[in-house]
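As you go down the protein sequences, you meet chains H and D in turn.
Taking the numbering used here, I'd label the letters of the first sequence as residues 97 to 204.
Taking the numbering used here, I'd label the letters of the second sequence as residues 31 to 222.
Ideal placement from N, C-alpha and C gives every residue a C-beta, glycine not left out.
Since we're looking at a predicted model, the values are computed, not measured.
Step one of this worksheet: look at the structure below.
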Amino acid sequence: MRVEELLEHGFEALSLPDGGREIDGVYIGDLLSWVMGRAQMDNAWITIMNNVNVIAVATLADTSCVILAEDVEMPEELVETAREKGVNVLRSSQPIFETAVKLAGLIA
Amino acid sequence: MKELSLNILDVAENSVKAGASLTQILLTEQDGTLTLEIVDDGCGMDEDVVRSVIDPFYTTRTTRKVGMGIPLLKLACEQTGGSLAISSVTEEADPVAHGTHVTATFDMNHIDFTPLGDVSSTVLTLIQGHPDRDFMFRHRLQGRDVELDTRELREVLEDVPLNSYDVMEWIRGNLQEQYEELSDRDTRDGED
């Protein structure tokens, strides 16, 4: 499934510079150093963290998109950074578990 | 990082890479606040480089090449309501008193405070990996110190390398004893 297809399923796009990217698996975590070493390339990464390091870690781990759960806000300058760096950032109004369950159904 | 001690190791390794002959790791715990200082006499950084180590996306920085040590340390202290500051003097600016001083403060009672973890192991790892460099470690807990200075050890040991097995074991035991002495005294104070 492509990242942009998530928009048809209730996900909101904050930054979508590379919407055609394929999602392969999901990783969940908020401890950035941990995620950096464990998220796999092309994973969709669900987190509630919203600082500049999230964009850096998404770049390093080469995830297909960041999904902010629970309607977490991302400051406009960070959204701008994400666009510049080609990092897809989406948002879900649901908690992490429900977001993951929904994704599991979609990418199966 | 799951423990601050791993973050400290990461940042202190930057000091070694900057050519520091002496790297000081100073921890001060006082009334619920932890102050971490990493002070080196390495080549120093100009203003632009300082900004680039703090911000993972500053101008032309290529994130893949530069570590996340400082950005993650900054996050760890800010999420407790603390802050991080870096001051640095380049070798060009001052051929004698150059180096970098990183200061991070933490509110240890904040729910998002990252546990300090095993700092003794951090110190041992640094000495083991860089026996030709000097390290000064001081952990001040409510005004009492746990301390280790490789310059003092070097004077006593003369030609014995600091990373030889016996020396490493001695350092490990010595730090452990110092920590135990502090906690014993705390227990006794509690009974008074």
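Check                                                                                                                                                          : Outcome
Is the separation between the beta-carbon of H:C161 and that of H:A140 shorter than 8 Å?                                                                       : yes
DSSP beta-bridge partners for D:R174?                                                                                                                          : D:L171
For the candidate residues H:G133, H:D138, H:V131 and H:T143, whose alpha-carbon lies nearest to that of H:V99?                                                : H:D138
Determine the direct distance from the alpha carbon of D:D78 to that of D:L66, and round the result to whole angstroms.                                        : 23 Å
How big is the Cα-Cα spacing for H:G125 and H:T143?                                                                                                            : 6 Å
Going by the DSSP bridge assignment, what does D:G129 pair with across the sheet?                                                                              : D:V119
So, at 6 Å on beta carbons, what are the nonlocal neighbours of D:T53 in its own chain, with the 5 sequence-adjacent residues on each side left out?           : A42, S45, D70 and F165
Closer than 9 Å, Cβ to any Cβ of chain D: which residues of the segment 173-186 of chain H, in chain order?                                                    : T177, E180 and K181
So with CB distances below 8 Å, who are the chain D contacts of H:M132?                                                                                        : M98
Kindly list, in the order they appear in chain D, the residues whose Cβ is closer than 7 Å to that of H:N147.                                                  : L105
What are the boundary residues of the alpha helix (DSSP H) that includes D:T152?                                                                               : V149 to G159
Ignore the nearest five residues each way along the sequence and tell me which others in D:A134's own chain have a CB closer than 6 Å to its CB.               : L66, L103, C107 and L114
CB-CB under 6 Å to D:E59, same chain, minus the five flanking residues each way: which ones, in chain order?                                                   : L171
Since I believe D:M138 is in contact with D:L64 (beta carbons under 8 Å), could you give me their beta-carbon distance rounded to a whole number of angstroms? : 5 Å
Taking the CB atoms as reference points, tell me whether H:L128 and H:V153 lie closer together than 8 Å.                                                       : yes
Bridge partners of D:T53, per DSSP?                                                                                                                            : D:D70 and D:F165
Is it buried or exposed for D:G159, if we count other Cβ within 10 angstroms and need 16 for buried?                                                           : exposed
Check whether the Cβ of D:F87 lies closer than 8 Å to any Cβ atom in chain H.                                                                                  : yes
Identify whether D:R202 lies in helix, strand or coil by the three-state DSSP scheme.                                                                          : helix
Would you mind stating whether D:D148 and D:S51 have Cβ atoms separated by less than 8 Å?                                                                      : no
If you run the structure through DSSP and keep just helix, strand and coil, what is H:R187?                                                                    : strand
Check the DSSP bridge columns for H:E118 and list the partner residues they point to.                                                                          : H:R98
Taking C-beta to C-beta, are H:A109 and H:L186 nearer than 8 Å?                                                                                                : yes
With DSSP collapsed to three states, give me the class of H:F193.                                                                                              : helix
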